Amino acid sequence: MNDELMASALIGDEAKKFLESDLGKVIIGIADQEVDLAKEKLLDVDPDDIKAVRKLQHQAEFGIAFKSWLYNLLNEGEQAMAAFKQQEQE
Numbered sequence: 009m010n011d012e013l014m015a016s017a018l019i020g021d022e023a024k025k026f027l028e029s030d031l032g033k034v035i036i037g038i039a040d041q042e043v044d045l046a047k048e049k050l051l052d053v054d055p056d057d058i059k060a061v062r063k064l065q066h067q068a069e070f071g072i073a074f075k076s077w078l079y080n081l082l083n084e085g086e087q088a089m090a091a092f093k094q095q096e097q098e
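Here is the structure:
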């Protein structure tokens, strides 16, 4: 169990470093722009054009999911580190 916690903590730390890096900030910014652009286009797309609507929804969902993956890794890592520290204290 300690190996799993440590692995999760290390991955979470890597996610944190990535999110704090210039590259991470740029990629998060691009993901945010993709979501915003898709939302804007959804306001103007013909609602009867199902393919166009689905494409824009997918564009927005991908940007949201990408950020969610990174932040979930970060949160899981923080939780794993806390659990690991708690185990060491016991």
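Just add 8 to the spot in the sequence shown (first one is 1) and you have the working numbering.
Cβ atoms here follow ideal geometry from the backbone N, Cα and C, with glycine treated the same way.
Nothing here was measured: the structure is a model prediction, and the numbers come from that model.
- In the structure shown, Asp40 adopts helical secondary structure according to DSSP, grouped into three states.
- Shown here, Asp57 sits in coil according to DSSP, grouped into three states, outside any helix or strand.
- Here Ala68 is buried: its Cβ has 16 or more other Cβ atoms, across all protein chains shown, within 10 Å.
- For Glu28, the enclosing alpha helix (DSSP H) stretches over residues Asn10 to Glu28.
- When rounded, the separation of the alpha-carbon atoms in Ala39 and Leu45 is 10 Å.
- By the Cβ-count criterion, Leu82 is buried, with 16 or more other Cβ atoms from all chains shown falling within 10 Å of its own Cβ.
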